[in-house]
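In the numbering used here, the protein residues as written are 126 to 396.
Quick reminder that beta carbons are idealized off the backbone N, C-alpha and C, glycines included.
Have a look at the structure below before the remarks.
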Amino acid sequence: MVKFYESIPPNLSKWIQAQEMFWVASAPAGPSGHVNVSPKGVRDTFRIEGPNKVWYEDFTGSGSETMAHLRENGRITIMFCAFEGAPRILRLWGTGYVHEFGTPEYDAIIPPTKRRPGSRCVVVIDVKRVGTSCGTGVPHYTFVRQRPTMLDWCARLEVADQTFDAEAPSDPDSERVVSEKGMKAWWTKENSESLDGLPAMKSAHQTYLTPEHAPPNGEWGKNAKNRLEVINAQKKVKSTPSGYAELIRLLSAFTMGLAVATAYVKVTFAV
């Protein structure tokens, strides 16, 4: 059954914060252009500031459609789905705006000590309407873990920026030069405009600030990669004939063989 609200009810607020991913939908104004839907999945990046205000930390990607659409018309929809427990789909309709990396507004929300690799902006949304529906057509999945790949990749790009800037400090009076293998070069090439040519990133790639991120906290870096390899190995063991099932078969055969040998010894000595 569909239900609509003028703001986010407390019970739904708690449910939202427990989800591991959400989707962002936006589109350019007018009858043409690319409608965009993007999945977001880095834990603890979606925050509820109040019944009608939310924000999320946006990370570097292959494009920047949401940022461009918000700059043009401000329209945005957020969707959450329940993959475990009771079925539910929840949507937040509203208007949004962007605070890019390197601005005082961004730093006020995400200080350098808490910033994760690749964070490029904060998307703030004024929620106008909230809706829930049954969600019974959504498959049931079991969450395993967040992937460290994106954060690891972004960290490498930002380290390239840090190394370059340390060796050749930027002079505000000189022409801006950045590392060709760094995050700012990626932002300039891939995130400055949308597929339809709308302006997206305006300042983060041009700031003289060097992207700095907090140390790994287990969700990315070497430790996260090692844990992911262990999980993948466990899944492989359970899903292949030579894995878990084969292990059980061998243990069963060994136990049966031991029992037969014990019985044979008893019979032999009895005779």
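L217 has its alpha-carbon roughly 23 Å from the corresponding atom of G186.
Taking 7 Å as the cut-off, the beta carbon of A233 is found no closer than this to the beta carbon of N198. The alpha-carbon of T257 is positioned some 6 Å away from that of V127.
In the three-state reduction of the DSSP assignment, H224 falls in the strand class, which pools E and B. For L215, the secondary structure class from DSSP, reduced to helix, strand or coil, is strand.
Taken atom to atom, the span from the alpha-carbon of Y181 to that of V302 is near 30 Å. Rounded to whole angstroms, the separation of the alpha carbons of L276 and R172 is 19 Å. As summarised for the region 183–215, the continuous beta strand (DSSP E) elements at least 3 residues long and confined to that stretch are 200–206, given in chain order. Just so you know, the alpha carbons of D251 and D169 end up roughly 19 Å apart.
Sequence-distant partners of T335 (beyond 5 residues in either direction) whose C-beta falls short of 7 Å from its own C-beta, in its chain, are D286, Q287, D290. Within 10 angstroms of the beta-carbon of N161 lie 16 or more other beta-carbons, which makes it buried. Beta-bridge pairing by DSSP links A150 to V162, T202. When DSSP states are grouped into helix, strand and coil, D169 belongs to the coil group. In the DSSP assignment, P324 is bridged to E318. Secondary structure at I141: helix, using DSSP grouped into helix, strand and coil.
Residue burial is scored here from C-beta neighbours: P242 has at least 16 other C-beta atoms within 10 angstroms and is therefore classed as buried. Under a 10 Å Cβ-count criterion, H194 is classified as buried, with 16 or more other Cβ atoms of the shown protein chains found around its own Cβ.
About 7 Å separates the beta carbon of F208 from that of F268, a gap short enough to meet the 8 Å contact definition. In this structure, the CA atom of S157 is about 13 Å from the CA atom of S319.
P273 and A152 have their alpha carbons spaced roughly 29 Å apart.
Relative to L215, the option among N316, K309, P134 whose CA is nearest is P134. Judged by their CB atoms, N316 and S189 are nearer to each other than the 7 Å cut-off.
One alpha carbon belongs to G262, the other to V167, and they sit about 25 Å apart.
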